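J.: When the letters of the sequence shown are read in order and numbered with the numbering used here, they come out as residues -11 to 390.
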Amino acid sequence: MKTLAWPMEPPEVKRVLRAIQFKHFKWDIYHRGDTSILPDALVVSEQEHQFLVDTAEAVWTALREVEQIVCDDESLLDAVAAPAALHQPIIDQSTDNPRVTRCDFHLTEKGDWVISEFNDDVPSGFAECTGLADVLTEGFADRFEGYEFRGDLRAAIEQAFAPYDSVGFIHATAHSEDLQHVALVAEWLEQKGHTTTLGSPANLQIDDGQATLFDTPVDALFRYYPGEWLGELPNADVWMEVPKFLPVMNPLSALVSQSKRFYAVWNEHDIELSDDSREVLDEFIPQSVYLSSLTPEEVLNNPKRWVLKGSFGRMGNTVRIGPLMPKPKWQKAVQDAFDDSEIVVAQRRFDTAPLWTSRGMGYATVGVYLVDGRFAGYFSRIDKGPLIDYDSWHVPTLVEIS
């Protein structure tokens, strides 16, 4: 893997960013006084690309085996910190649901690829994945001769919703950054002839087995609203019924595998997994353990060994990495974690390989989208430090073909 600076002048870069903003609903192209998109690309070889795709699909399949076991056992739902109010709806859930997920690959200093986690509940980055590919291909294809964008997230999501005429889009209406994601996907489906309706999850109603959003009947839902919040809605009783009959991207079971504690299940519990699943999980996902398996001293005195993660943290907001923190802050992080040990997990730390960018040294994660378990595109990010979070830059991913 390497980086490639966009071969274009600053006014051309600005033109690309404006096109992504207005044509692909990427409204927040500026963040903290800087662009949220870095005019660099991550470049992987054809061999690396195929490895990432094959590995992501294999690990996804193995995780579905674990997920099914957890969803059939209420004690395991407790163990992964799934809200108690959602246990029965998860258990009752129909299996016929479209799914979009993204896994985050990291290249370590040893030259190995590891997956830190899958973003299963409400993965982001649709505009960055499709918009960057479209704009750079349409306007500057000649500048990227010898490279290709791979995957078609738009087509994969369109195919997943093909059986449903009317689709409701659920999002946190107070957050414009959430609206930009659902507005983009809604436009895709509208152009394929679907009826689409956008609203808050509190607007959903069910009457005689028919779901409606603002009185408009819907055959399926696209949910861009964190699953752990659903039980707190004023119409929570409606959402308890949804999993029984209404197809949802993503279903409530995605909340199970979204939990960072989910990645400790096959190590902490006596569950039966196929040999293939256990082998691929052990090879590519760093070991995670419940804090009950450790002492505060073991974690405090080994900041280079463990990373602390909250169950339902998003965009890196609950990740605590010892070597990146002053000692007093690490001490407080460890204390806070053990105070809430039932919602925190410790993951074995790895050292990400640095690489050079147009902004100096950085660290990358290669995000691989899967729709119904099949590769659908890339969403990658770069940061000045090893922690990839909300402040990281978005970058396109190219496959080198010559």
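Yeah, the Cβ is synthetic: ideal placement off N, Cα and C, and Gly gets one too.
As the structure is a computational prediction, the values presented were derived from the model and not from experiment.
1. Is G355 closer than 8 Å to E45 when the C-beta atoms are compared?
2. If you drop the 5 nearest sequence neighbours on each side, which residues of the same chain put their C-beta closer than 6 Å to that of E178?
3. Is it true that the segment 59 to 68 meets the segment 232 to 250, where meeting means three or more beta-carbon pairs spaced less than 8 Å apart?
4. Report the rounded CA-to-CA distance for V47 versus G365, giving the unit in angstroms.
5. Taking P291 as the reference, which of S380, K320 and Y357 has the closest Cα?
6. Return the chain-ordered list of same chain residues with a C-beta closer than 8 Å to the C-beta of V54, the five sequence neighbours on each side being excluded.
7. Since I believe I389 is in contact with E220 (beta carbons under 8 Å), could you give me their beta-carbon distance rounded to a whole number of angstroms?
8. Just the Cα atoms here: how many angstroms apart are P189 and Q323?
9. Using C-beta distances below 8 Å, list every residue in its chain close to E267, excluding the 5 sequence neighbours before and after it, in chain order.
10. Return the CA-CA distance between P214 and P374, expressed in angstroms with no decimal places.
11. Between I103, E286 and Q335, which lies nearest to G298 when the distance is taken from Cα to Cα?
12. Using three-state DSSP, classify W176 as helix, strand or coil.
13. Among L51, S281, A162 and T96, whose alpha-carbon lies nearest the alpha-carbon of E330?
14. Would you give the residue range spanned by the beta strand (DSSP E) that M349 belongs to?
15. Y251 by DSSP, collapsed to three states: which one?
16. Please work out which residues of its chain come closer than 7 Å, Cβ to Cβ, to V226, disregarding the five sequence neighbours upstream and downstream, and give them in chain order.
17. Quick one: give me the first and last residue of the alpha helix (DSSP H) that E133 is part of.
18. Given Y212, which residues of its chain have a CB within under 6 Å of its CB, disregarding the five upstream and five downstream residues?
19. CA-CA distance, F210 and V155?
20. Would you kindly work out how many angstroms separate the C-alpha atoms of F128 and L279, rounded to a whole number?
21. Tell me the DSSP bridge mates of W101?
22. In chain order, which alpha helix (DSSP H) runs of at least 4 residues are fully inside the segment 237 to 317?
T.: To lay it out plainly:
1. no
2. T184
3. As far as the Cβ criterion goes, the segment 59 to 68 touches the segment 232 to 250, which means the pair count is three or higher.
4. Distance between the alpha carbons of V47 and G365 is about 16 Å.
5. K320
6. S245, F250, V253, W254, I259, L261, S265 and L269
7. Wrong, their Cβ atoms sit about 49 Å apart, outside the cutoff.
8. 36 Å
9. Around E267: no qualifying Cβ.
10. 26 Å
11. Q335
12. Correct three-state label for W176: helix.
13. S281
14. Counting along the chain, the beta strand (DSSP E) containing M349 begins and ends at G348 to V359.
15. helix
16. L192, Q193 and I194
17. From DSSP, E133 is part of no alpha helix (DSSP H); its letter is neither H nor E.
18. Short of 6 Å from the beta carbon of Y212, and not among the five residues preceding or following it, lie these beta carbons of its own chain, in chain order: V110, H159, D166, H169 and V170.
19. The straight-line gap separating the alpha-carbon atoms of F210 and V155 is approximately 7 Å.
20. 50 Å
21. L95
22. 241 to 246, 253 to 256, 263 to 272 and 284 to 288
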